[in-house]
Amino acid sequence: MAIERDTLETDILIVGAGPAGLSFAYKLAQLLGGDSSAAKPEILFMEKGSYVGAHALSGAVMDPRGIAELIPDFREKGAPLEAAVSGDSFYLLSEKSAIKSPVNPPPLQNHGSYVISLNKFTGWLAQQVEAAGIDIYAGMAGFELLVEEGKVTGVQTVDMGLDKDGTPKSNFEPGSIVRAKVTVLCEGVHGSLTRQAFEKIPSLREHCQPQSYLTGVKEVWEVPAGRIKAGQVMHTVGWPQPHDQYGGGWIYGMSDTMVSVGYCVGLDSYDPTNDPHLKFQLYKTHPLLRRILEGGTMLHYGAKTMPDAGYYSIPKLYHDGLMLCGDSAGLMNPQRLKGIHLAIKSGMMAAETAFEAVKKQDYSATVLKGYQERFDTSWAREEVYRTRNVHAGFKGGLYAGLFHSAMQLVTGGRGLFDRREHKRDHEYMLTIEAFKARFGREPKKPQLTFDNKYTYDKLTDVYKSGTMHEEHQPSHLVIADYDICNNRCTQEYGNPCQHFCPASVYNMVDDEARPGKKKLELTPSNCVHCKTCDIADPYQVIRWVTPQGGEGPNYTDM
Ligand code: SF4
Numbered sequence: 013m014a015i016e017r018d019t020l021e022t023d024i025l026i027v028g029a030g031p032a033g034l035s036f037a038y039k040l041a042q043l044l045g046g047d048s049s050a051a052k053p054e055i056l057f058m059e060k061g062s063y064v065g066a067h068a069l070s071g072a073v074m075d076p077r078g079i080a081e082l083i084p085d086f087r088e089k090g091a092p093l094e095a096a097v098s099g100d101s102f103y104l105l106s107e108k109s110a111i112k113s114p115v116n117p118p119p120l121q122n123h124g125s126y127v128i129s130l131n132k133f134t135g136w137l138a139q140q141v142e143a144a145g146i147d148i149y150a151g152m153a154g155f156e157l158l159v160e161e162g163k164v165t166g167v168q169t170v171d172m173g174l175d176k177d178g179t180p181k182s183n184f185e186p187g188s189i190v191r192a193k194v195t196v197l198c199e200g201v202h203g204s205l206t207r208q209a210f211e212k213i214p215s216l217r218e219h220c221q222p223q224s225y226l227t228g229v230k231e232v233w234e235v236p237a238g239r240i241k242a243g244q245v246m247h248t249v250g251w252p253q254p255h256d257q258y259g260g261g262w263i264y265g266m267s268d269t270m271v272s273v274g275y276c277v278g279l280d281s282y283d284p285t286n287d288p289h290l291k292f293q294l295y296k297t298h299p300l301l302r303r304i305l306e307g308g309t310m311l312h313y314g315a316k317t318m319p320d321a322g323y324y325s326i327p328k329l330y331h332d333g334l335m336l337c338g339d340s341a342g343l344m345n346p347q348r349l350k351g352i353h354l355a356i357k358s359g360m361m362a363a364e365t366a367f368e369a370v371k372k373q374d375y376s377a378t379v380l381k382g383y384q385e386r387f388d389t390s391w392a393r394e395e396v397y398r399t400r401n402v403h404a405g406f407k408g409g410l411y412a413g414l415f416h417s418a419m420q421l422v423t424g425g426r427g428l429f430d431r432r433e434h435k436r437d438h439e440y441m442l443t444i445e446a447f448k449a450r451f452g453r454e455p456k457k458p459q460l461t462f463d464n465k466y467t468y469d470k471l472t473d474v475y476k477s478g479t480m481h482e483e484h485q486p487s488h489l490v491i492a493d494y495d496i497c498n499n500r501c502t503q504e505y506g507n508p509c510q511h512f513c514p515a516s517v518y519n520m521v522d523d524e525a526r527p528g529k530k531k532l533e534l535t536p537s538n539c540v541h542c543k544t545c546d547i548a549d550p551y552q553v554i555r556w557v558t559p560q561g562g563e564g565p566n567y568t569d570m
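Quick note: the sequence shown uses the working numbering, first residue 13, plus one each step.
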């Protein structure tokens with residue numbers, strides 16, 4: 013039965029109230045307010061979280077360059093800055109030791125930056141946007157990107173009130189068609205509409221390499237005084253990642269008693285048991301971390317992917333009726349593990365372009381390509397270009413990567429090679445047989461017994477993310493072929509989804525219909541929307557689609 017849908021018309025549709033979308037809106041409001049001759053466009057700003065910041069998670073040490081351009085008096089306006097960076101250190105970890113680098117590598121020197129909670133920061137930025145006259149509709153989620161005759165024409169929002177099997181319940185509300193002259197995707201990492209944009213408009217990724225991702229797992233701890241100083245920033249490489257796999261950790265002093273601690277794991281791993289959550293819990297058992305955290309209280313948990321491949325994986329930033337900003341465009345500096353300032357700058361440049369489109373009443377690629385031109389001549393492009401080979405330099409392992417990083421630093425980013433080709437992350441995963449052939453043993457996870465006082469199992473951690481989903485709705489993890497999961501994947505890879513998901517959504521349980529066999533069981537209500545499964549599944553049969561608006565994690569202090 014065809015569903016009748018309301019149609020809303022707008023000029024500009026902003027999807028996602030993270031730093032990029034909020035900066036876009038704030039800058040556009042400023043430009044419109046400063047030009048009485050400009051026609052006032054209709055603007056619709058939607059955010060899938062239950063409030064602005066509910067899905068925002070980052071380390072985070074923010075380079076203020078972006079926010080200082082957007083709101084020069086951001087400090088006076090009360091931006092929530094947890095602490096100015098007061099000291100930096102960099103460690104190489106083995107299981108029992110921590111070797112402190114005598115010199116902090118220049119990219120990891122953070123003097124002048126701030127330790128922030130991204131979810132508090134975006135909440136504050138949202139207040140500035142609303143004060144500038146643009147309303148934000150939290151709890152409104154886009155389901156499908158509308159592309160007609162090669163042009164992006166808007167978004168269909170999620171149907172609300174469907175039962176598990178897709179049957180409308182008494183509270184059924186069909187998703188609306190939001191028709192927009194330009195849709196600005198600021199969804200964050202691996203957004204579902206952005207993924208559709210790449211599928212429906214292949215020219216967006218025609219000349220770029222696949223994106224590479226990290227999954228970052230984070231907790232916020234309250235610790236006794238004297239363990240850390242406000243603004244103290246520590247980065248580590250090495251253990252518990254093996255030296256031939258990409259990743260590293262951070263410990264940031266949010267105050268003298270609040271700590272942000274996290275660990276990032278590359279998803280281009282050969283290991284089908286790669287488990288970012290487990291690696292993070294192991295990380296906390298290192299003596300360096302125990303000295304800071306032990307005796308404290310874990311307050312919050314979250315996980316999220318990051319785009320790490322750098323410059324050569326950035327797509328074309330515009331199309332007819334479309335602009336891509338922030339993490340949706342893969343804008344992150346992999347050397348500094350920073351993207352907030354780049355997201356802010358990209359939002360500002362997209363807003364300048366949208367303002368031009370409003371004035372010319374022309375939202376076609378002819379005008380929107382101005383965003384690409386602004387980016388190509390900006391400091392943001394220069395910064396990501398300088399770090400273009402960082403991730404690729406670690407393909408030969410940690411020590412080769414550190415060597416390549418040093419070479420890249422002295423050669424303006426080129427190093428010993430340029431534009432090294434790479435595959436999509438899931439293509440690096442070895443089957444169990446291939447793993448045995450390479451390493452002479454079965455893939456096996458490190459052992460750790462969670463005590464749920466210092467090291468936490470996934471379910472206890474998920475509870476601390478505030479994640480909520482209506483149970484009675486279609487699963488937002490769509491499995492294209494369960495037969496592959498229950499048979500072929502079990503044999504070939506050992507069901508990596510049960511390892512890589514940091515929220516225990518995927519579990520292999522006894523299959524009563526097939527004694528002695530297991531079947532995949534999903535618990536979508538645990539999902540923290542990190543997107544790891546959509547990226548790392550070796551058969552690409554898992555698809556993350558948007559659940560009802562206002563669901564997912566409800567982060568605080570993250
Ligand atoms: Fe992340 Fe997928 Fe697990 Fe959700 S189901 S928490 S998106 S890996």
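Don't be surprised by glycine CBs; every beta carbon is placed ideally from N, CA and C. Quick caveat, the model's predicted, so the values are computed rather than measured.
- Taken through DSSP and simplified to helix, strand or coil, His481 comes out as coil.
- In chain order, Asn401 place their CB closer than 7 Å to the CB of Asp430, counting only its own chain and leaving out the 5 sequence neighbours on each side.
- Contact annotation: Val194 and Tyr375 have beta-carbon atoms nearer than 8 Å.
- Distances from the alpha-carbon of Thr165 to those of Glu21, Met58 and Val277 put Glu21 closest.
- In this structure, DSSP gives Ser272 an extended state, which the three-state scheme calls strand.
- When the Cα atoms are used, Tyr324 and Leu174 turn out to be separated by approximately 41 Å.
- For Pro222 and Tyr567, the gap between their C-alpha atoms comes out near 30 Å.
- Here Pro118 carries a helix assignment [DSSP, helix/strand/coil].
- When DSSP states are grouped into helix, strand and coil, Met266 belongs to the coil group.
- Placement of the Cβ of His438 at a distance of 7 Å or more from every heavy atom of the ligand SF4 is found.
- About 7 Å separates the CB atoms of Glu81 and Met360; that is less than 8 Å, so the two are in contact.
- Between the beta-carbon of Gly561 and that of Lys60 there is about 6 Å, and that keeps the pair under the 8 Å contact cut.
- A Cβ-Cβ separation of about 13 Å leaves Gly259 out of contact with Tyr282 under the 8 Å criterion.
- Secondary structure of Glu439 (DSSP, three-state): helix.
- By the C-beta criterion, the stretch 439-446 is judged not to be in contact with the stretch 466-484, since fewer than 3 inter-stretch pairs fall below 8 Å.
- With a cutoff of 8 Å on beta-carbon distance, Pro565 and Ser477 are scored as near each other.
- Remark: C-beta atoms of Leu301 and Val273 approach each other more closely than 8 Å.
- Taking one beta carbon from each stretch, the stretch 546-563 and the stretch 499-509 have 3 or more pairs nearer than 8 Å; the two touch.
- In terms of Cβ geometry, Leu120 and His247 form a close pair [threshold 8 Å].
- Shown here, Ser376 sits in coil according to DSSP, grouped into three states, outside any helix or strand.
- Of the candidates Val190, Met152, Glu16 and Arg426, the residue whose Cα lies closest to the Cα of Ala66 is Met152.
- Under the three-state reduction of DSSP, Thr248 is assigned to strand.
- Under the three-state reduction of DSSP, Ile326 is assigned to coil, being neither helix nor strand.
- The ligand SF4 has a heavy atom closer than 7 Å to the beta-carbon of Cys545.
- Residue pairing by DSSP puts Met58 in a beta bridge opposite Val27 and Tyr149.
- Relative to the ligand SF4, Leu489 has its C-beta within less than 7 Å of a heavy atom.
- Beta-bridge annotation (DSSP): Lys531 is paired with Val521.
- Taking 8 Å as the cut-off, the beta carbon of Glu94 is found closer than this to the beta carbon of Ser267.
- The Cβ-Cβ distance between Glu199 and Gly28 falls below 8 Å.
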